[in-house]
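K.L.:
Sharing a structure here in structure tokens format.
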DNA sequence: CGAGTTTTGTACTGATCAATCCACAACCAA
DNA sequence: TTGGTTGTGGATTGATCAGTACAAAACTCG
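Chains as they are written, first to last, in the working numbering: chain A, 28 to 220; chain B, 28 to 220.
Now the structure itself:
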């Protein structure tokens, strides 16, 4: 054994996440990351290997946090339609609270696409898990009678995820909360009974 | 009078637009722009002043081109619902043709937000004009009976623009054309009679 | 022809980029 | 205490960044 770390690794990842979330991948320099985490360059590279590797960690952290929150809402009480409405409300509140930074996954998709590396894998993984949650909810909605039938749960899930992305972009361009709620409401009306 | 330009300014803007569209603003270096346009550094700076100014030109060019195409479809023949369906089909074809680069405006919104400068102004201007076109179409749809009433044309337009953005992001993450068509179809079903 | 004006190519600027090196500090086990 | 091991700070690396300086080239107009 030897000298112990002077910082919490998870807290550092969280700080890096906020830096990337605020400025985007390319525009965030390694110095920005040092400033955000409070670590020296040596510690950053000793712990995370490279800027891209730290970004991948930050992205995975963001995804896990976001999915946990979404899962809590989508598997919570109420009909599927009510849970989806709560999800949209939560998303809009989230945007206003976090200064309209959008979604790190959506922002990264727009900036980098889906590269053929660990970052791309993290993006695909998040998408996949979002769709799993939404598909389950869509299926349950038909059973509990709150959602219309006639569409496959997979298609409904893709539609909901697309709406989520659309709202994220909408928030990024500064649309009002009222407009965003109207969009969410209209989207829900397409699938509710 | 003096020595004439050896290049077409509009063609250079167009080439720069493709470079920015492919790699994003930050990741596109001035050397990339020289390579893409075929110009030397002097010509680029002599003509366009700075990287950001050239980006603004490229963005405006992209916006004008896109709006012209959209206007042609949305003010074309058929009911409003048919024109909107054609718009979505065109968008999806466009994505497949251009290698899933998404929309330059959406990508820029995600990367930079809406900064308080000429670039931000160009983004807001594009959004505004898209909404004008979509609002008109929504209004016409109620009159020609192809769209449902009960929602304000402005809300319907915001919903459509959000769906467009959502599809752009969806394409960026590599979703299938079938999935994208299903989303467009579901979105249309929310507003058609 | 030239005089005047603009474009162009090349070399260069200082700044910043991601990443590394290394001396030293801090700790654990023996 | 000490030997081995790991973490940390600060200086430094070469590459690349956006942007500029300047002289030669290419043109128009007189």
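No residue lacks a Cβ here, since even glycine has one placed at the ideal position from N, Cα and C.
Fair warning: this is a prediction, and the values are worked out from it, not measured in the lab.
#1: For residue 161(B), return the contacting residues in chain A, with the cut-off set at a CB-CB distance below 7 Å.
#2: For residue 176(A), tell me which candidate among 67(A), 185(A), 165(A) has the shortest Cα-Cα distance.
#3: DSSP beta-bridge partners for residue 174(B)?
#4: In the DSSP assignment, find the alpha helix (DSSP H) that holds residue 121(B) and state where it starts and stops.
#5: Compute the Euclidean distance between the alpha carbons of residue 210(A) and residue 56(A), then round it to the nearest angstrom.
#6: Over the uninterrupted alpha helix (DSSP H) stretch that includes residue 64(A), give me the two end residues.
#7: Return the chain-ordered ranges of every alpha helix (DSSP H) run that is complete within the stretch 131–167 of chain B and spans a minimum of 4 residues.
#8: Residue 173(A) CB to nearest chain B CB: under 8 Å?
#9: Nearest-angstrom Cα distance between residue 171(A) and residue 79(A)?
#10: Going along the chain, which residues of its own chain have a beta-carbon closer than 7 Å to the beta-carbon of residue 151(A), five neighbours each way excluded?
#11: With a threshold of 8 Å between beta-carbons, can residue 176(B) be considered close to chain A, or not?
#12: How many angstroms separate the CA atom of residue 148(A) from the CA atom of residue 184(B)?
#13: Could you work out which residue in 187(A), 213(A), 174(A) is closest to residue 105(A) when comparing CA atoms only?
#14: Are there 16 or more other CB atoms within 10 angstroms of the CB of residue 134(B), so buried, or fewer, so exposed?
P.N.:
According to the structure shown:
#1: Listed along the chain, the chain A residues whose CB falls inside 7 Å of the CB of residue 161(B) amount to none; the nearest CB is some 12 Å away.
#2: 165(A)
#3: 219(B)
#4: DSSP places residue 121(B) inside the alpha helix (DSSP H), whose first and last residues are 107–124.
#5: 36 Å
#6: 57–64
#7: Runs found: 131–139.
#8: no
#9: 44 Å
#10: 141
#11: no
#12: 34 Å
#13: 174(A)
#14: That one is buried.
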